[in-house]
Every structure is written in structure tokens, then in C-alpha cells.
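K.L.:
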Amino acid sequence: MFQLDDKFLQDVGLDQLPPDQKQAFLEQVYASLEERVGVRLSEGLSDAQLEEFEGIIDRKQDKIDAWLAAYAPQYAADPIFQRIQQATGLQPNDLALRSEFAATKWLEVNRPNYRDVVAQVMNELKAEITQNREAILGTVQQPPAAV
Numbered sequence: 149m150f151q152l153d154d155k156f157l158q159d160v161g162l163d164q165l166p167p168d169q170k171q172a173f174l175e176q177v178y179a180s181l182e183e184r185v186g187v188r189l190s191e192g193l194s195d196a197q198l199e200e201f202e203g204i205i206d207r208k209q210d211k212i213d214a215w216l217a218a219y220a221p222q223y224a225a226d227p228i229f230q231r232i233q234q235a236t237g238l239q240p241n242d243l244a245l246r247s248e249f250a251a252t253k254w255l256e257v258n259r260p261n262y263r264d265v266v267a268q269v270m271n272e273l274k275a276e277i278t279q280n281r282e283a284i285l286g287t288v289q290q291p292p293a294a295v
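Quick note: the sequence shown, position 88, residue 236 per my numbering, numbers continuous.
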């Protein structure tokens, strides 16, 4: 999908950021991306759907168990589950692993276009950052004003 790393900074023209500020900037970009994607994905969903998804991402075991029983009873055999497990190294019954899988599958069921939404929002964010790169670099690299 995409990576928020040095290549991303290079793509948006911010590879000259001071090393001590790169990680903080990438974390800020991630938070902004997460918020914007969340807003976009929530459009058109019912309150019940939003509540259900919230229970899954908040790792409420009863919500996760109920959702998996209804929509993915054989989840441990699902290739997506197995990829997430391999990437995280978590045990199959780990709540964090099951929550991550349930959230991914929930999006596939309720917002099948979620990958497109993430890509679109990411492209918009990249364009916004690129457009403002001089201001960002100027703010970051500007020495403190003398008092």
C-alpha cells in the first residue's frame, strides 16, 4: 500500500528535514491520514455500524467474538489472518491479533472500497505537503529568534 518513511519524505520534497524531526513529522502525517481516512470511511455508515467497528478497534472481546462468529467463523484459516499473525508474531488467540483481523475484514464487508479511500486520501495529503514544503522546511529550519 504505502510506507511513511524516508522514501515518502523524498517523494514530497522533505528529505532535507533534520534527522531529529523526520520521525515526528511522519507521526504527524500518520495521525492526519488516520483521522482523514476515518472521517471519509464513516460517511454513509449507520450509527450501529460505527458502534460495531468502534467495539472492534477498541478491542472489546465480546464485540470481536460476536463479529468473528457471524462473519468469519473459520478466521484462523483465512490467509489475511495468517499474514497478520506472521507479521506480528502473535498467538492465534491473542486479542490484538483478532482485533486487527476483525477490523480488516469488517472494512472489507462494510466499506469494500476502503483501500481506494486510503489511497485517495494519501494522494491528497501528499499533494498538500508537497504544495507547502517550502513553508514546512522554513518553519523547521528557521533558527530561534533572538530575544
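Every residue, glycine too, gets a C-beta built ideally from N, C-alpha and C. Because the structure is a prediction, the values reported are computed rather than measured.
Start and end of the alpha helix (DSSP H) containing leucine 243?
P.N.:
243 to 258 is the extent of the alpha helix (DSSP H) around leucine 243.
K.L.:
Hey, is the region 163 to 181 in contact with the region 279 to 288, meaning 3+ C-beta pairs nearer than 8 Å?
P.N.:
yes
K.L.:
What's the call for valine 295, buried or exposed, on a 16-neighbour Cβ count within 10 Å?
P.N.:
Per-residue confidence for valine 295 stands at a pLDDT of 49, beneath the threshold of 50, marking its modelled position as unreliable; no derived number is given.
K.L.:
Classify glutamine 151 as helix, strand or coil using the three-state DSSP reduction.
P.N.:
The answer is coil: DSSP assigns glutamine 151 none of H, G, I, E or B.
K.L.:
Taking all protein chains shown into account, do 16 or more other C-beta atoms lie within 10 angstroms of the C-beta of glutamine 233, making it buried, or fewer, making it exposed?
P.N.:
Result: buried.
K.L.:
Could you check which residue in Asp206, Ala179, Ala196 and Phe173 has the C-alpha nearest to that of phenylalanine 249?
P.N.:
Asp206
K.L.:
Three-state secondary structure (DSSP) at proline 160?
P.N.:
Looking at the sequence shown, residue 160 is not proline but valine. Of the three classes helix, strand and coil, the one that applies to valine 160 here is coil, per DSSP.
K.L.:
Please name the residue in Glu175, Leu255 and Gly237 whose C-alpha comes closest to that of alanine 220.
P.N.:
Considering only alpha carbons, the answer is Leu255.
K.L.:
Report the residue from Gln268, Val177 and Lys253 whose alpha carbon sits nearest the alpha carbon of alanine 218.
P.N.:
For alanine 218, the nearest C-alpha among the options comes from Lys253.
K.L.:
How about the region 172 to 185 and the region 209 to 216: do they share at least three Cβ pairs that are nearer than 8 Å?
P.N.:
no
K.L.:
Cβ of methionine 161 within 8 Å of Cβ of arginine 281?
P.N.:
Sequence check: residue 161 is glycine here, not methionine. The answer is yes: Cβ separation under 8 Å.
K.L.:
Measuring straight from C-alpha to C-alpha, what distance separates valine 265 and glycine 186?
P.N.:
10 Å
K.L.:
How many angstroms separate the CA atom of asparagine 241 from the CA atom of glutamine 279?
P.N.:
45 Å
K.L.:
Look at the alpha carbon of aspartate 154 and the alpha carbon of glutamine 169, and state the distance between them as a whole number of angstroms.
P.N.:
Distance between the alpha carbons of aspartate 154 and glutamine 169 is about 12 Å.
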